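So the structure is just underneath, and the comments pick up after that.
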Ligand SMILES: NC(=O)c1ccc[n+]([C@@H]2O[C@H](COP(=O)([O-])OP(=O)(O)OC[C@H]3O[C@@H](n4cnc5c(N)ncnc54)[C@H](OP(=O)(O)O)[C@@H]3O)[C@@H](O)[C@H]2O)c1
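Numbering (this note's numbering), first residue to last: 4 to 349.
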């Protein structure tokens with residue numbers, strides 16, 4: 004028996020993604036074998052495939068051939084002999100980082116996220132990475148409070164649209180920075196759009212909010228954006244950047260500049276957000292936040308924006324779309340049987 008996955012045969016554009024065959028095998032003693040229902044196509048998939056990720060070129064960088072794909076939802080098909088806690092038939096999520104563009108995933112059973120069968124797997128997969136980042140930057144890093152004013156830089160993408168929804172739910176007054184063609188989505192979530200191509204977002208905010216704002220959540224992680232964002236804060240204000248810095252040198256410049264600023268003296272703070280503590284530290288906050296997000300999805304308090312669904316093996320086309328710059332919200336790969344209709348409880 005075989006299954007297919009989509010592999011980057013070398014570093015480069017979406018055309019380097021090829022469908023390959025693999026032998027189906029029994030799971031290892033501590034593994035689960037998962038039939039994939041949905042797989043996220045996200046920005047870090049692009050940077051790692053192009054060799055442009057922060058760690059590309061270092062010993063931590065990914066070398067081809069490898070299967071991209073940062074997050075997955077699927078059904079456990081078989082569990083290894085030492086596995087406890089999950090069994091065949093359970094629906095689970097995985098924060099894979101790489102490996103998600105596949106029909107079948109083998110994964111260690113102690114890293115599986117419980118997923119309700121009542122939700123659409125394509126919507127569910129946006130919670131594993133994009134909504135998690137949005138929730139944690141907003142509630143764990145920025146610790147927002149109802150009534151506060153927030154600026155979302157990069158409001159139209161996968162994480163940006165999640166921030167708009169979660170921000171509205173948290174009772175924030177929101178400005179969203181996005182290109183003009185995507186302002187409709189910012190307005191749809193009750194926020195005020197700002198076009199960064201025709202306007203300087205800092206000038207717009209200074210005019211509209213002369214007393215300053217409380218929070219900036221920034222997906223660009225560029226030094227100029229961070230400097231401007233800090234200048235907009237009132238006392239007690241917070242800037243959180245979650246975007247992948249363009250280079251290690253760029254990251255060093257950001258940290259060096261911030262170290263010279265006396266943020267605490269001015270009652271301001273800056274946080275660089277990342278998900279590495281899930282792999283290196285305490286997984287508890289992640290498990291709690293996924294459980295919260297799944298409750299919000301089940302009760303339709305959040306409705307992920309999915310621009311297009313592709314069959315899993317058409318990951319190259321899905322990546323082309325993401326790289327075109329035309330995407331609003333998320334692009335998701337799904338098992339072919341999910342393309343026509345909702346098989347969420349199948
Ligand atoms: N820290 C983490 O754990 C983590 C996890 C996942 C992703 N990330 C990083 O987070 C960033 C965003 O990810 P994503 O998945 O949301 O990407 P995405 O879906 O591609 O969205 C990025 C958005 O940024 C906008 N944009 C581009 N240049 C901009 C600028 N100068 N100012 C304002 N907006 C700009 C683009 O929309 P417009 O057309 O409107 O410009 C685009 O919609 C990426 O750097 C990604 O690698 C970090």
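All C-beta atoms in this analysis are idealised placements derived from N, C-alpha and C, irrespective of residue type, glycine included. In this text the structure is predicted, and so the values were computed from the model without any measurement.
Secondary-structure assignment with DSSP links residue 74 through a beta bridge to 98.
Taking all protein chains shown into account, residue 106 has 16 or more neighbouring C-beta atoms within 10 Å of its C-beta and is therefore buried. The straight-line gap separating the alpha-carbon atoms of residue 60 and residue 250 is approximately 11 Å. Judged by the Cβ position, residue 212 fails to qualify as a neighbour of ligand 1 at the 8 Å threshold, every heavy atom of the ligand being at least this far. Residue burial is scored here from C-beta neighbours: residue 187 has fewer than 16 other C-beta atoms within 10 angstroms and is therefore classed as exposed. Spatial neighbours of residue 247 in its own chain (CB-CB distance under 8 Å, excluding positions within 5 residues in sequence) are listed in chain order as 46, 47, 50, 56, 57, 224. Taking each of 330, 269, 27 in turn and checking the Cα distance to residue 239, the smallest one comes out for 269. Annotation: residue 58 is outside any alpha helix (DSSP H) and is labelled neither H nor E by DSSP. Residue 11 and residue 19 do touch by the CB rule: their CB atoms are close to 5 Å apart, below 8 Å.
Boundaries of the alpha helix (DSSP H) around residue 48: 46-52. Under the three-state reduction of DSSP, residue 317 is assigned to helix. A Cβ-Cβ distance of about 5 Å is found for the pair residue 96 and residue 118, placing them in contact under the 8 Å criterion. For residue 235, the enclosing alpha helix (DSSP H) begins and ends at 226-235. According to the DSSP assignment, residue 142 belongs to no beta strand (DSSP E), since it is labelled neither H nor E.
Ligand 1 has a heavy atom closer than 8 Å to the beta-carbon of residue 224.
The beta carbon of residue 174 is closer than 7 Å to those of 149, 150 in its chain, skipping five residues each way along the sequence.
For the pair residue 82 and residue 285, the Cα-to-Cα distance works out to about 25 Å. Around the beta carbon of residue 271, a 10 Å sphere encloses 16 or more other beta carbons of the protein chains shown; the residue is thus reported as buried. Counting only runs that start and end inside the stretch 118-176, the beta strand (DSSP E) elements of at least 3 residues fall at 152-156. Relative to ligand 1, residue 25 has its C-beta separated by 8 Å or more from all heavy atoms. By the CB criterion at 9 Å, residue 36 and residue 108 fall inside the cutoff.
Distance between residue 178 and residue 134, taken at the CA atoms: about 19 Å. Within the chosen limit of 8 Å, ligand 1 reaches the beta carbon of residue 158 through at least one heavy atom. Setting aside the 5 residues that flank it on each side, residue 124 is surrounded in the same chain by 40, 41, 76, each with a C-beta closer than 6 Å to its C-beta; the list follows chain order.
The C-beta distance from residue 215 to residue 235 rounds to 6 Å, short enough to fall under 8 Å.
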